[in-house]
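Participant: Residue numbers (the UniProt record's numbering): 1 to 257.
A virtual CB, placed ideally from N, CA and C, is assigned to each residue, including glycine.
Dropping the structure in here first, questions after.
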């Protein structure tokens, strides 16, 4: 009996600035970032994956992708079943050394021709990957919710498209024909953050993406609406816990135990 490939693995490369419009897959997808960054947007919000993290996308979930730097991925595609304890929404996963090694071995097997491909070994690797995936810590650090309410989505999309925008909550409430109290409540209920906390976190995630792409802190401060590099660094420390340069230096060692 013919056995289909249980774990399709490729290593795509994306140029800086490439966008892939909204689409969905019939199978589950795991994108492990080897170099660069991958920003995935879904209905709930958007996630930023940097080296040694991955984004898990369940089947039939609409999403789009943006690559702000030349990016290399390990792209794993596979079937899943209801009894498997996996996230039912897009998730940012911290990648272990074992997960990375399994993905690389599966890639080598996929690069062989059909006669030489060991499908049973791929099936075993898939089982181990799913076990790892179900046990890995999901991170919300580099995730920002967009909200569900149309008024909230209007505001969050506007701020994401123009992160330097310094419009007040009152100004946005007026734009969407609502009250400050209502919009503040929507932010708290649908994002878990206040308006000011949400904007600052969104700016910091964009900052991390651009720092990895090579943009300087001085340029970032201006682009994100801060008066100086020191005020930007202070905000970064407030949100992420450490200064921007230290964050980039520590992230790789901390994300892969």
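(1) On the three-state DSSP scale, how would you describe residue 260?
(2) Quick check: the segment 80–95 against the segment 48–60, are there 3 or more CB pairs under 8 Å?
(3) Residue 25: which of 32, 59, 49 sits nearest, CA to CA?
(4) Would you mind sorting residue 31 into buried or exposed? The rule is 16 or more other CB atoms within 10 Å of its CB.
(5) Could you check what DSSP says for residue 235 in three-state terms: helix, strand or coil?
(6) Can we say the segment 95–107 touches the segment 124–132, given the rule of at least three CB pairs closer than 8 Å?
(7) By the three-class DSSP mapping on this structure, what secondary structure does residue 13 have?
(8) Quick check: what's the CA-CA separation for residue 8 versus residue 100?
(9) Tell me which same chain residues have a C-beta within less than 7 Å of the C-beta of residue 172, skipping the five on either side of it?
(10) Under three-state DSSP, which class holds residue 210?
(11) Expressed to the nearest angstrom, what Euclidean distance is found between the alpha-carbon atoms of residue 19 and residue 159?
(12) If you compare alpha carbons, which of 233, 230, 10 is closest to residue 112?
(13) Taking the CB atoms as reference points, tell me whether residue 213 and residue 68 lie closer together than 7 Å.
(14) Could you compute how far the alpha carbon of residue 165 sits from the alpha carbon of residue 174?
(15) Quick check: what's the CA-CA separation for residue 226 versus residue 232?
(16) State buried or exposed for residue 201, treating a residue as buried only when at least 16 other CB atoms are found within 10 Å of its CB.
(17) Our contact map puts residue 72 next to residue 13 with C-beta atoms below 8 Å; I'd like the distance itself, whole angstroms only.
(18) Would you say residue 235 and residue 220 are within 7 Å of each other, going by their C-beta atoms?
(19) Enumerate, from N- to C-terminal direction, the unbroken alpha helix (DSSP H) stretches of 4 or more residues contained entirely within the segment 142–194.
(20) Roughly how many angstroms separate the alpha carbons of residue 209 and residue 142, rounded to a whole number?
Facilitator: This is what the structure gives:
(1) Residue coverage of the chain in this structure runs from 1 to 257, which leaves residue 260 outside it and unanswerable.
(2) Remark: three or more beta-carbon pairs, one from each stretch, lie closer than 8 Å, so the segment 80–95 and the segment 48–60 are flagged as touching.
(3) Distance check between residue 25 and each of 32, 59, 49 places 59 closest, using alpha-carbon atoms only.
(4) With 16 or more Cβ atoms within 10 Å of its Cβ, residue 31 is classed as buried.
(5) Per DSSP, reduced to three states, the secondary structure at residue 235 is helical.
(6) Touching, per the Cβ criterion.
(7) Strand at residue 13.
(8) Straight-line Cα distance between these residues: approximately 15 Å.
(9) Counting only Cβ-Cβ distances below 7 Å, and skipping sequence neighbours, we find 155, 183.
(10) Residue state, collapsed to three classes: helix.
(11) Rounded to whole angstroms, residue 19 to residue 159 spans 19 Å at the Cα level.
(12) Residue 112 has its Cα closest to that of 10, out of 233, 230, 10.
(13) In this structure, residue 213 sits near residue 68, with a CB-CB distance shorter than 7 Å.
(14) Roughly 16 Å between the two C-alpha positions.
(15) Spanning the two alpha carbons is a distance of roughly 6 Å.
(16) It counts as buried.
(17) Contact between residue 72 and residue 13 holds, with the beta-carbon distance rounding to 5 Å and staying under 8 Å.
(18) Cβ atoms of residue 235 and residue 220: not closer than 7 Å.
(19) Runs found: 150–161, 169–175, 180–191.
(20) The alpha-carbon of residue 209 is positioned some 10 Å away from that of residue 142.
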